[in-house]
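Chains as they are written, first to last, in the working numbering: chain A, 1 to 270; chain B, 1001 to 1270.
There are 2 protein chains.
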Amino acid sequence: MFPIQKKEPNNLVQTIKRISLILDMLGQSPQGISIRDLSEKMKLPKGTTHRLLSSLSYFGYVRQDPKTRNYFLGFKLIELGNILLSQIDLRKEAEPFLRELAEKTKETVHMVFLDRNEIVYIDKIELNHNPSGLRMASRVGLRIPAHCCAVGKVLLSHLTEEELNQMIHEKGLLKRTENTITNPTELKKHLKIVRAQGFAIDDEENERGIRCVAAPIYDEKGKAVAAISISGPAFRITKKVIQDSLKKEVMETANKISHRLGYRQKGRFL
Amino acid sequence: MFPIQKKEPNNLVQTIKRISLILDMLGQSPQGISIRDLSEKMKLPKGTTHRLLSSLSYFGYVRQDPKTRNYFLGFKLIELGNILLSQIDLRKEAEPFLRELAEKTKETVHMVFLDRNEIVYIDKIELNHNPSGLRMASRVGLRIPAHCCAVGKVLLSHLTEEELNQMIHEKGLLKRTENTITNPTELKKHLKIVRAQGFAIDDEENERGIRCVAAPIYDEKGKAVAAISISGPAFRITKKVIQDSLKKEVMETANKISHRLGYRQKGRFL
DNA sequence: AACGTTGTTTCGTAATACGAAACGGATGTA
DNA sequence: TACATCCGTTTCGTATTACGAAACAACGTT
């Protein structure tokens, strides 16, 4: 969704900066957090923190346990998040195909959007619900840098050179594992190949022990609007399995979804 | 979760009030909204609206289509919403039981929390995914007044008299259909029965044509922390079916979940 | 090319949010 | 029971912050 968006701190509204920080802090505090601790972490006087929290609380972005008086994230966030998810009808369209893919491959399937220089998980299908088995730590809404995962590389491969340069210049290429591509020219070369072949592989570039294959989804205008992937432990998702079957499966599913969105490929490149 | 929380507008921070309004507006605009329209609706000068939006955008709460320049809700909301959902581990614990219940009854199953005087949908299991069939308009994160739905009445039945009075006094009892209980004394009498019998029925009190049965979930301290329900079209969910089977099913499932949370009933009333 | 429309930026100003300090309520301790 | 401590909440005079009118810029249209 919406490729790169620079947006630099310009004349930021102080209050918004502060409440964003507060919500992040609360997100990291599953058991809640007291005003005292919060104001300390925020380096703000208690009074100020309290005023912000009580306003946030009034609108439902934050809630307070009446007993412990600790603050937590509020249900309004679930509400807005789900409204947004429901607005993204691509997700609705894609879900049955993703489920089918997950069932066929018995691996975890993700759908993501590109937002600025990161990918955002929009959907996650995980069949093996046995808590003992391996599970991916991904979660809908989670963001990771685009250059080090298969879905991200697939989407980056459809940006213009300028967009790419801008992104690299702004955020750089973080090294997440020893396999992460951190050299700009190497990345560009790699993305050309990805674009040509129509899929990307993440060979433990984001996390040790995890390998993925991803393919792009095009809308009716031929724009790459999202990407889907199959991910799993490297010992199951071997390079051979990817080449022999998985890459074909993701690409086929991605194509089905693209078709459903009205995409009719005239030529592979346009 | 956290029963009633008065929280009245006191020394509200203007910025927070405004951005809450903005996010609500954006939530109502699936196709995005221009600065011009937004500032008009907000009765704010363009410049002010723009400053707020660009700050919100910087933190990801809002995003802008670079082409049309329209603004949309941002992915940060999905992120925070899902963090909150994952923090509520009751949801994780309950999900398999809810699924089982939905499969057994072939009807939609919900789990809700009480927040102030409304219930919030925390989970929704809907099996009949055929788009042609009847589907409930509920959505995770959605809120409806507590006094007119089964889950709400179940949770209200565990409040103290003062809490109940306070809630009624603050928000009143909105009449949603001709069956909605809007008389305070009648409601209190009704809730006593609900509490005693351990389940509640919504007999088209929230929406014409929809009937539900709900039962409470208790934590290890015996506190009613959530409620679950079976809902569906009134022609399928007849009063007879409720009495004959559904009420037993919800209560059994609710009990299983309560047990899993460590609840051991010593006596039905405490 | 001139005009209209809409998004973005500027900048002097006044209202807004600030935060130090006082208050209050709860819990622990002598 | 009285005292002490620790937090959360509220107050209030003040300076900073956000305000918003107006200028500017970027497109589209006539």
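Cβ coordinates follow ideal geometry from the N, Cα and C atoms, glycine included.
- Using DSSP bridges, identify the partner residues of residue 232 of chain A. A:211
- Message: Let me confirm a value: residue 143 of chain A is counted as buried when at least 16 other C-beta atoms fall within 10 Å, else exposed. Which label applies?
- Response: buried
- Message: Quick check on the DSSP output: the alpha helix (DSSP H) that includes residue 1260 of chain B runs from which residue to which?
- Response: 1247-1260
- Query: Expressed to the nearest angstrom, what Euclidean distance is found between the alpha-carbon atoms of residue 106 of chain A and residue 127 of chain A?
  - Reply: 7 Å
- Item | Cβ neighbour criterion (16 or more within 10 Å) applied to residue 1028 of chain B | exposed
- Message: In the DSSP assignment, the beta strand (DSSP E) including residue 1056 of chain B goes from what residue to what residue?
- Response: Counting along the chain, residue 1056 of chain B falls outside any beta strand (DSSP E), though it belongs to the alpha helix (DSSP H) covering 1046-1058.
- Query: For the 8 Å Cβ check, are there 3 or more pairs between the segment 1090-1110 of chain B and the segment 1061-1080 of chain B?
  - Reply: no
- Is the segment 1212-1225 of chain B touching the segment 1052-1060 of chain B, taking contact as three or more C-beta pairs under 8 Å? no
- Query: Taking contact to mean at least 3 C-beta pairs separated by less than 8 Å, is the segment 203-213 of chain A in contact with the segment 170-177 of chain A?
  - Reply: yes
- Query: So with Cβ pairs under 8 Å, would you call residue 145 of chain A a contact of chain B?
  - Reply: no
- Can the beta-carbon of residue 1150 of chain B be found less than 8 Å from the beta-carbon of residue 1202 of chain B? yes
- Query: Roughly how many whole angstroms lie between the Cα atoms of residue 141 of chain A and residue 87 of chain A?
  - Reply: 15 Å
- Message: Taking 7 Å as the cut-off, is the beta-carbon of residue 1057 of chain B closer than that to any non-hydrogen atom of the ligand NAD?
- Response: The model depicted lacks the ligand NAD and carries no ligand whatsoever.
- Message: Beta-carbon within less than 8 Å of residue 118 of chain A's beta-carbon, same chain only, minus the 5 sequence neighbours each way: which residues are those?
- Response: 143, 144, 145, 146, 152
- Buried/exposed call for residue 1162 of chain B, threshold 16 Cβ in 10 Å: exposed
- Query: Is residue 1125 of chain B close to chain A, meaning its C-beta is less than 8 Å from at least one C-beta of that chain?
  - Reply: no
- Could you tell me which chain A residues have their CB closer than 9 Å to the CB of residue 1235 of chain B, listed as they occur along the chain? Neighbours of residue 1235 of chain B on chain A: none; closest Cβ ~27 Å, over 9 Å.
- Query: What is the DSSP secondary structure of residue 1221 of chain B, counted as helix, strand or coil?
  - Reply: coil
- Message: Rounded to whole angstroms, what is the Cα-Cα separation between residue 1284 of chain B and residue 197 of chain A?
- Response: Residue 1284 of chain B lies beyond the stretch modelled for chain B, which goes from 1001 to 1270, so this question has no answer here.
- Does DSSP put residue 111 of chain A in a helix, in a strand, or in coil? strand
- Task: Please go through the same chain and pick out, in chain order, the residues whose beta-carbon is closer than 8 Å to the beta-carbon of residue 1242 of chain B, but skip the five residues on each side of it.
- Result: 1201, 1211, 1213
- For residue 1076 of chain B, I'd like the list of residues in its chain whose CB is within less than 7 Å of its CB, leaving aside the five on either flank, ordered along the chain. 1059, 1060, 1061
- Query: Which one of B:1199, B:1083, B:1173 has the shortest CA to CA distance from residue 31 of chain A?
  - Reply: B:1083
- Mind checking who residue 201 of chain A pairs with in its DSSP beta bridge? A:213
- Please check if any C-beta of chain A sits within less than 8 Å of the C-beta of residue 1120 of chain B. yes
- Same chain, Cβ closer than 7 Å to residue 194 of chain A, five either side skipped, listed in chain order: 153, 154, 157, 200
- Would you say residue 107 of chain A reaches chain B, if we count a Cβ-Cβ gap shorter than 8 Å as a contact? no
- Query: Leaving out the 5 sequence neighbours to the left and right, which residues in its chain are closer than 7 Å to residue 132 of chain A when beta-carbon positions are compared?
  - Reply: At residue 132 of chain A the pLDDT is 46, less than 50, meaning the model places this residue with poor confidence and gives no usable figure here.
- Exposed unless 16 or more other CB atoms sit within 10 angstroms - verdict on residue 1113 of chain B: buried
- Task: Output the distance between the C-alpha atoms of residue 1063 of chain B and residue 167 of chain A, rounded to the nearest integer angstrom.
- Result: 17 Å
- Task: Can you give me the start and stop residues for the alpha helix (DSSP H) that residue 95 of chain A sits inside?
- Result: 89-105
- Task: Would you tell me roughly how many angstroms separate the C-alpha atoms of residue 1085 of chain B and residue 79 of chain A, rounded to the nearest one?
- Result: 11 Å
- Query: Just checking my contact of residue 189 of chain A with residue 164 of chain A at CB under 8 Å: how many whole Å lie between their CB atoms?
  - Reply: That pair is no contact at about 12 Å.
- To the nearest angstrom, how far is it from the Cα of residue 231 of chain A to the Cα of residue 257 of chain A? 19 Å
- Item | Local conformation of residue 67 of chain A per DSSP, three classes | coil
- Query: What residues of chain B sit near residue 273 of chain A, judged by a beta carbon separation below 8 Å?
  - Reply: For chain A, the structure presents residues 1 to 270; residue 273 of chain A sits outside this window and is missing.
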